[in-house]
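In the working numbering, the protein residues as written are 29 to 96.
Positions of the beta carbon are idealized from the N, C-alpha and C atoms, including for glycine.
If you're wondering where the values come from, they're calculated on a predicted model, not measured in any experiment.
To keep things clear, I will list the structure first and then write my remarks on it.
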Ligand code: SF4
């Protein structure tokens, strides 16, 4: 079965990454983190969630902030 981060459902950044008009710019994050069984746990959002906290909705997996 293809790997998917367990936080995908309800992850605002995942929703954004898959629906944004900037999907071509953002698609690499999906492949690098959300769908990558070797790297998903390096996602900045994932780490915060694992610590029991809620990441800011505009936090990108690489730790950058998504700007409008
Ligand atoms: S890897 Fe990060 S951005 Fe992707 S679904 Fe999981 S928590 Fe969200």
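Asked: Is residue 35 close to the ligand SF4? I mean its beta-carbon at under 6 Å from any heavy atom of the ligand.; Found: yes
Asked: At a cut of 8 Å, does the stretch 49 to 66 reach the stretch 80 to 87 through at least three beta carbon pairs?; Found: no
Asked: Looking at the strands, I want to know which residues DSSP matches up with residue 93.; Found: 87
Asked: So is residue 56 buried or exposed if we call it buried at 16+ other beta carbons inside 10 Å?; Found: exposed
Asked: Kindly list the residues whose CB is nearer than 7 Å to the CB of residue 67, restricted to its own chain and excluding five residues on each side of it in sequence; keep chain order.; Found: 60, 61
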